[in-house]
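Participant:
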Amino acid sequence: MTDSKDMLKGSIRGIAEYIPGKSTEDIVATYGIRPGDIIKLGSNENPLGPSPRAVEAVRKMADRISVYPSVDAGELRGALAAYIGYPEDMVVMGAGMDGVVDTLMRLFIQPGTSAIIPTPTFSYFEIALRAAGGIPVFIKRQSDYGVPIESVMSSIDNTTRLIYLCSPNNPSGNIMSEEDVRSVVESTDAIVFLDEAYVEFASKSLVHLVTEYDNLVVGRTMSKAMGLAGLRIGYAAVPTWIFREYMKATTPFAISRIAVAAGLAALEDIDYRKKTIDNVDMGRTFLTEQLSNQCRAYPSQANFILIDVSPKKSKGVAEALLKAGIIVRDCTSFRDAGDGLIRITVGTPHQNRLLVNALQGILDS
């Protein structure tokens, strides 16, 4: 008799489980620290919390959650299209950017086809690719975490269906030049997915390029600058031909009524968004300047910075911070990141000072 476990797709067996940043609940349970004393700087969330307008919108919508949302979150999709300056038939949505990625895998990946992934970078793209039966082709980034463009282009072959680029990159925070992105897009018919989850904190966006190419998709999220990570709202600018196919394959009703209401309110709260970006600008500079004497701090255009604590190990440094009630991200789980990198989310000024004091003490010990 066949074992039910044998029914599992072979492509799933080889997937390494996604490792998220530590939660407040994890630290309470492990170290017995009171929740109010924990500083969470490990998941690139907005330390200012959500927009007050978004919170109020959620309250007003609460008594309507027994009713399905619109099938394609059309109200929010239209507002996001206006936000990035695109027509509605060039904007798609998903349950977080992960949801957008999952739908693209449904559209373009079959067993035996491949995607190119410069590493280290956001790890879910690899997970989604493998789950769809695709083959990852890894290209290690340069020492400054720039993408080796020639290596990417020389790795394209007749199995390549997707190329993943991330700007600002997670976990390094650096951005790609328009010239480099154009070079990749123009070198192939494969779909180039440009992840701009952190672009509101960066000096520039390349979303305007979608109007010029039939094989470029630019992904975005409302988790970071909009402060809605808990509601899972992802979206992307796509060519119109992809829009038509995407709407066939995407999960219906993926964006809840609560998320739509909060998203609309957050988009309208320009003052909150400016406050968020200003906080990141100042905090990013503070953290970089304060930590550069003890370790290497890489330039960042995201809401986090990456530091190299070598010759110390990132795992030990991160655990020492956990004992002090401060959560950061040990980057050991990122493919090709090595064992010395830590990613630190920019917090409030008070949180940043506490982090610096604790980390300097650990690095000096």
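Each residue of the sequence shown is one higher than the one before, starting from 4 at the first, in the working numbering.
We treat Cβ as the ideally placed atom computed from N, Cα and C, and that holds for glycine.
#1: From this set, Lys326, Lys316, Ile42 and Asp367, which residue's C-alpha is nearest isoleucine 345's C-alpha?
#2: Just the C-alpha distance for aspartate 40 and leucine 290, rounded to the nearest angstrom, thanks.
#3: To the nearest angstrom, how far is the alpha carbon of serine 7 from that of aspartate 105?
#4: Helix, strand or coil: how does DSSP classify lysine 316 here?
#5: Can you tell me which of the three DSSP states cysteine 298 falls into?
#6: Glutamine 297: which of Met285, Asp284 and Ser313 sits nearest, CA to CA?
#7: Which residues does DSSP list as the beta-bridge partners of methionine 96?
#8: Going by other Cβ atoms of all chains shown within 10 Å of its Cβ, with 16 needed for buried, is threonine 254 buried or exposed?
#9: Whose C-alpha, out of Ile347, Ala361, Gln363 and Asn360, is nearest the C-alpha of proline 174?
#10: Could you check if methionine 10 is buried or exposed, using at least 16 other CB atoms within 10 Å of its CB as the buried criterion?
#11: Starting from the N-terminal side, write out each stretch of the alpha helix (DSSP H) that is 4 residues or longer and does not extend beyond the segment 57-103.
#12: Mind checking which residues open and close the alpha helix (DSSP H) that includes lysine 207?
#13: Does the Cβ of threonine 288 have 16 or more other Cβ atoms within 10 Å, making it buried, or fewer, making it exposed?
#14: Based on Cα-Cα distance, which residue from Leu83, Thr122 and Gly233 lies nearest to valine 210?
#15: Alanine 98 to glutamine 145, Cα distance in whole Å?
#16: How about isoleucine 119 and leucine 165: do their beta carbons lie closer than 9 Å?
#17: Going by the CB atoms, is the gap between isoleucine 142 and serine 154 shorter than 9 Å?
#18: Compare the beta carbon distance of alanine 268 and glycine 176 with 9 Å and say whether it is the shorter of the two.
#19: Taking the C-alpha atoms as reference points, what is the distance between valine 359 and aspartate 29?
#20: Looking only at C-alpha atoms, which of Leu234, Asp342 and Pro242 sits nearest to serine 259?
#21: Alpha carbon to alpha carbon, how far is alanine 205 from alanine 327?
#22: From which residue to which residue does the alpha helix (DSSP H) around glycine 266 run?
#23: So asparagine 47 and glycine 230 are supposed to be a Cβ contact under 8 Å. How far apart are they, rounded?
#24: Look at the alpha carbon of isoleucine 42 and the alpha carbon of alanine 321, and state the distance between them as a whole number of angstroms.
#25: Note down the Cα distance separating tyrosine 275 from serine 54, rounded to an integer number of angstroms.
#26: Give the straight-line distance between the Cα atoms of leucine 294 and tyrosine 71, rounded to the nearest whole angstrom.
#27: Give me, in chain order, the residues of the same chain whose beta-carbon lies closer than 8 Å to that of glutamate 271; leave out the 5 immediate sequence neighbours on both sides.
#28: According to DSSP, lysine 143 sits in a beta bridge with which residue or residues?
#29: Would you list the residues sitting across from glycine 222 in a DSSP beta bridge?
#30: Just checking, does the segment 211-227 make contact with the segment 237-255 on the three C-beta pairs under 8 Å criterion?
#31: What does the alpha-carbon distance come out to for the pair isoleucine 330 and proline 23?
#32: In terms of residues, what are the limits of the alpha helix (DSSP H) holding phenylalanine 128?
#33: Can you tell me which of Met100, Leu212, Pro121 and Phe128 puts its alpha carbon nearest to the alpha carbon of isoleucine 112?
#34: Taking all protein chains shown into account, do 16 or more other C-beta atoms lie within 10 angstroms of the C-beta of phenylalanine 256, making it buried, or fewer, making it exposed?
#35: Going by C-alpha distance, which of Glu91, Gly115, Ala76 and Val31 is nearest glycine 13?
Facilitator: Let's see:
#1: It is Lys316.
#2: Straight-line Cα distance between these residues: approximately 20 Å.
#3: Approximately 25 Å, taken between the alpha carbons.
#4: Three-state DSSP puts lysine 316 in coil, outside helix and strand.
#5: Three-state DSSP puts cysteine 298 in coil, outside helix and strand.
#6: The shortest Cα separation from glutamine 297 among Met285, Asp284 and Ser313 belongs to Ser313.
#7: DSSP lists Tyr238 as the beta-bridge partner residues of methionine 96.
#8: It is exposed - the Cβ of threonine 254 has fewer than 16 other Cβ atoms within 10 Å.
#9: Per the C-alpha coordinates, the member of Ile347, Ala361, Gln363 and Asn360 positioned closest to proline 174 is Ile347.
#10: Flag for methionine 10 reads exposed.
#11: Within the segment 57-103, the runs of alpha helix (DSSP H) at least 4 residues long that lie entirely inside it are, in chain order, 77-87.
#12: Lysine 207 -> no alpha helix (DSSP H), and no H or E assigned at all.
#13: Burial call: exposed.
#14: Among Leu83, Thr122 and Gly233, the Cα nearest to that of valine 210 is on Leu83.
#15: Whole-angstrom Cα-Cα distance: 32 Å.
#16: Yes, these two residues count as a Cβ contact at 9 Å.
#17: Contact annotation: serine 154 and isoleucine 142 have beta-carbon atoms nearer than 9 Å.
#18: With a cutoff of 9 Å on beta-carbon distance, alanine 268 and glycine 176 are scored as not near each other.
#19: Taking the CA atoms as reference points, valine 359 sits about 22 Å from aspartate 29.
#20: Here the closest residue by C-alpha is Leu234.
#21: C-alpha separation (whole angstroms): 31 Å.
#22: Taken as a continuous stretch (DSSP letters only), the alpha helix (DSSP H) holding glycine 266 covers 260-271.
#23: Not quite, the Cβ-Cβ distance comes to about 11 Å (not below 8 Å), so this is no contact.
#24: Distance between the alpha carbons of isoleucine 42 and alanine 321: 13 Å.
#25: Here the alpha carbon of tyrosine 275 sits roughly 6 Å from the alpha carbon of serine 54.
#26: Computed Cα separation, rounded: 49 Å.
#27: Arg56, listed in sequence order.
#28: According to DSSP, lysine 143 bridges with Thr122.
#29: Partner(s): Asp198 and Ala239.
#30: Yes, since at least three Cβ pairs between the segment 211-227 and the segment 237-255 fall closer than 8 Å, the two stretches touch.
#31: Roughly 12 Å between the two C-alpha positions.
#32: It spans 127-134 - the alpha helix (DSSP H) in which phenylalanine 128 sits, taken as one unbroken run.
#33: The shortest C-alpha to C-alpha distance from isoleucine 112 to any of Met100, Leu212, Pro121 and Phe128 is the one to Phe128.
#34: Classification for phenylalanine 256: exposed.
#35: With distances taken between Cα atoms, glycine 13 lies closest to Gly115.
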